[in-house]
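What follows is a short report on a single structure.
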């Protein structure tokens, strides 16, 4: 058994953005721990091909094992979560995020001990 298959007894947390509608509908983007940029730019970690999205539209930050924040980066069209425009939001499982005209669903699979 190699080091990649050894577990400490707890499953790690996983977070995903699922593109529900808009360009690239059906795409699933796993959010690795750290900071991920969401935008239209080819340099974005999560690239969304929507002309209403800024090159670097928003950022997703893991701020702990279970705390994940979405921060709008001053985008022209803004970011809405569950229908409300926001500049910063602590993401929760099944949050509906509108980035430009693309609807994305946040999914979180937490730790189990």
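Residue numbers (this note's numbering): 368 to 480. Here a beta-carbon is modelled for each residue, glycine too, at the ideal position from N, C-alpha and C.
Would you kindly work out how many angstroms separate the C-alpha atoms of residue 403 and residue 410, rounded to a whole number?
When rounded, the separation of the alpha-carbon atoms in residue 403 and residue 410 is 11 Å.
Should residue 395 be labelled buried (16 or more other beta-carbon atoms within 10 Å of its own) or exposed?
exposed
Does the region 453-463 touch the region 413-421, meaning 3 or more C-beta pairs lie closer than 8 Å?
no
From the DSSP secondary-structure annotation, give me the bridge partner or partners of residue 422.
Answer is none; residue 422 lacks a bridge partner.
Verify whether the separation of the beta carbon atoms of residue 475 and residue 380 is less than 8 Å.
yes
Any heavy atom of the ligand GDP within a distance shorter than 7 Å of the CB on residue 431?
Looking at this structure, you won't find the ligand GDP or any other ligand, since it has none at all.
So which of 440, 446, 435 and 454 has the shortest CA-CA distance to residue 397?
435
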